[in-house]
Amino acid sequence: MRKIAFGYSTRCNIRCAHCVAADEKSENQKMDLSRAEELIVGLGQANVRGISFTAGEPLLYLDDLCKLLTVCRKHGMYTRVVSNGFWAKTSGSADKYVVQLKESGLSQLRLSYSRWHQEHVAQENILHAAQSCKNNDLEYFVSFVTDFSKEDDFLEDYLRKHTLMFFPEPMILSGRAGAFERFPIRTDYQENCCPMNPYLAPNCDMFACCDAGSHFTNTNFFYLGNCEQDSINHLFEKSENNSLYNHIRRMGISTIASFAGFRAREIVRYRKCELCEKLFNSPDMLDRLRREADSGLASWSR
Ligand code: SF4
Ligand code: SF4
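Using my numbering, read the sequence shown as starting at 3 and increasing by one per residue.
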């Protein structure tokens with residue numbers, strides 16, 4: 003099923019130290035509303051069935067967003083909005099937003115939550131927003147972004163105490179978090195496969211990875227093209243037919259790193275996106291992997 007992360011605007015009302023959507027050089031961008039509506043119609047015609055409104059803070063543009071959700075509903079798309087919950091200071095203000103989103107056809111609200119977000123937004127906001135979703139029968143979950151340190155225990159305890167639906171999301175060391183100090187982790191030898199949903203930026207650039215992918219600027223490995231010059235269907239096909247992307251989806255980053263010569267003990271010390279960056283944001287390494295994508299690499303599996 004085709005899905006996409008839709009960046010209507012990169013503007014945000016807070017400034018999280020770990021934000022992957024922004025770095026020190028980023029400037030705010032926003033799509034024109036009528037262009038965004040046309041693009042969503044185009045996405046529907048290209049058989050895209052899931053759309054996630056992300057990038058900056060989508061609910062800074064509540065009325066625009068509701069118009070876009072209505073277009074998505076007409077095309078039978080599953081819709082998700084990712085928000086920091088700034089608007090849910092009270093149960094009443096939470097209800098106002100949640101009811102409007104639900105009436106416009108939103109399928110799921112995802113609430114971002116972390117020790118960086120919560121420097122700017124009170125924990126209670128997340129609780130009000132989640133409870134309003136429960137009361138109004140709107141699916142939600144809390145995306146608990148963590149670096150797995152003990153410092154985050156109180157955040158997790160809060161979610162458990164209030165029986166909120168949440169999932170941990172590993173913090174990605176990209177964007178502003180790219181400047182964070184690295185400390186070694188040791189994981190199991192996991193595959194590190196990635197579904198790789200594309201990301202459409204406000205300037206209509208499309209990337210094959212919706213998380214850290216737009217930051218691989220040495221190689222632009224994930225850049226697919228621009229929707230003003232190419233059809234959406236063509237850009238999706240580029241993503242779906244690229245051998246290396248398909249290896250990331252099916253074989254996983256760890257196997258690719260092993261093929262590239264990384265020792266097993268090194269592989270278990272990297273976070274997934276960091277390992278991905280080592281492989282695909284280095285022009286020499288990328289050149290080698292491209293040459294071997296359909297030969298040596300394709301047969302490097304158990
Ligand atoms: S992480 Fe989300 S809420 Fe925080 S600054 Fe970035 S876009 Fe805004
Ligand atoms: S591992 Fe690579 S493809 Fe997957 S989210 Fe990270 S940067 Fe994107």
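Ideal Cβ positions, reconstructed from N, Cα and C, are used throughout, including at glycine.
Predicted model, so just to flag it, every value in this text is computed and none were measured.
(request) Report back the beta-carbon spacing between threonine 72 and glycine 107 to the nearest angstrom; my notes put them in contact at under 8 Å. (result) 6 Å
(message) Contact defined as beta carbons within less than 8 Å: I believe alanine 266 pairs with methionine 287. What is the distance between those atoms, to the nearest angstrom?
(response) With a Cβ gap of about 18 Å, alanine 266 and methionine 287 do not count as contacting.
(request) Provide the residue span of the beta strand (DSSP E) that contains glycine 87, from first to last. (result) Element bounds for glycine 87: n/a, residue is neither H nor E.
(message) What does the Cβ neighbour count give for lysine 76, buried or exposed, with the cut at 16 atoms within 10 Å?
(response) exposed
(message) Strictly closer than 6 Å from CB to any heavy atom of ligand 2: give me those residues in the order they appear in the chain.
(response) Cys196, Met198, Cys211, Asp213, Ala214, Gly215, Ile250, Ile255, Lys274, Cys275 and Cys278
(request) Identify which residue in Lys104, His217 and Ser116 has its Cα closest to the Cα of asparagine 137. (result) Lys104
(message) What would DSSP say about threonine 72, mapped onto helix, strand or coil?
(response) helix
(request) Go through its chain and collect everything with a Cβ distance to serine 122's Cβ below 6 Å, but skip five positions before and after it. (result) The displayed chain sequence assigns histidine, not serine, to residue 122. Closer than 6 Å at Cβ, skipping near neighbours: Ile16.
(request) Confirm, please, whether the CB-CB distance from alanine 132 to arginine 166 is below 8 Å. (result) In the sequence as presented, arginine is not what sits at residue 166; that position holds leucine. For leucine 166 and alanine 132, yes; Cβs fall inside 8 Å.
(message) Give me, in chain order, the residues of the same chain whose beta-carbon lies closer than 7 Å to that of serine 245; leave out the 5 immediate sequence neighbours on both sides.
(response) Ala295 and Asp296
(message) One question on the structure: do serine 176 and histidine 130 come within less than 8 Å of each other, judged by their Cβ atoms?
(response) no
(message) Three or more C-beta pairs under 8 Å: does that hold for the region 194–206 against the region 251–259?
(response) yes
(request) Run the CB neighbour count on glutamine 231, radius 10 Å, all protein chains shown included, and call it buried at 16 or more, exposed below. (result) exposed
(request) Rounded to whole angstroms, what's the CA-CA distance from phenylalanine 185 to phenylalanine 143? Just pull it up for me. (result) 29 Å
(message) Buried or exposed for glutamine 47, going by 16 or more other Cβ atoms inside 10 Å?
(response) exposed
(message) When you compare the CB positions of valine 147 and glutamate 171, do they come within less than 8 Å of one another, or not?
(response) yes
(message) As an exercise, report each continuous beta strand (DSSP E) stretch of at least 3 residues that is fully enclosed by the region 176–234, in chain order.
(response) 207–209 and 225–228
(message) In whole angstroms, give me the CA-to-CA distance for alanine 203 and leucine 237.
(response) 13 Å
(message) Among Ile128, Leu281, Lys163 and Ile174, whose alpha-carbon lies nearest the alpha-carbon of phenylalanine 150?
(response) Ile174
(request) Tell me whether isoleucine 187 is buried or exposed, calling it buried when 16 or more other Cβ atoms sit within 10 Å of its Cβ. (result) exposed
(request) Report the residue from Leu140, Lys240 and Met79 whose alpha carbon sits nearest the alpha carbon of arginine 51. (result) Met79
(message) Using only the alpha-carbon positions, how far apart do glutamate 242 and lysine 5 sit?
(response) 12 Å
(message) If I measure Cβ to Cβ from valine 22 and keep anything under 7 Å in the same chain, skipping five residues before and after, which residues do I get?
(response) Ile174, Ser176, Gly177, Ala179, Asp213 and Ala214
(request) Report buried or exposed for glycine 94, applying the criterion of at least 16 other Cβ atoms within 10 angstroms of its Cβ. (result) exposed
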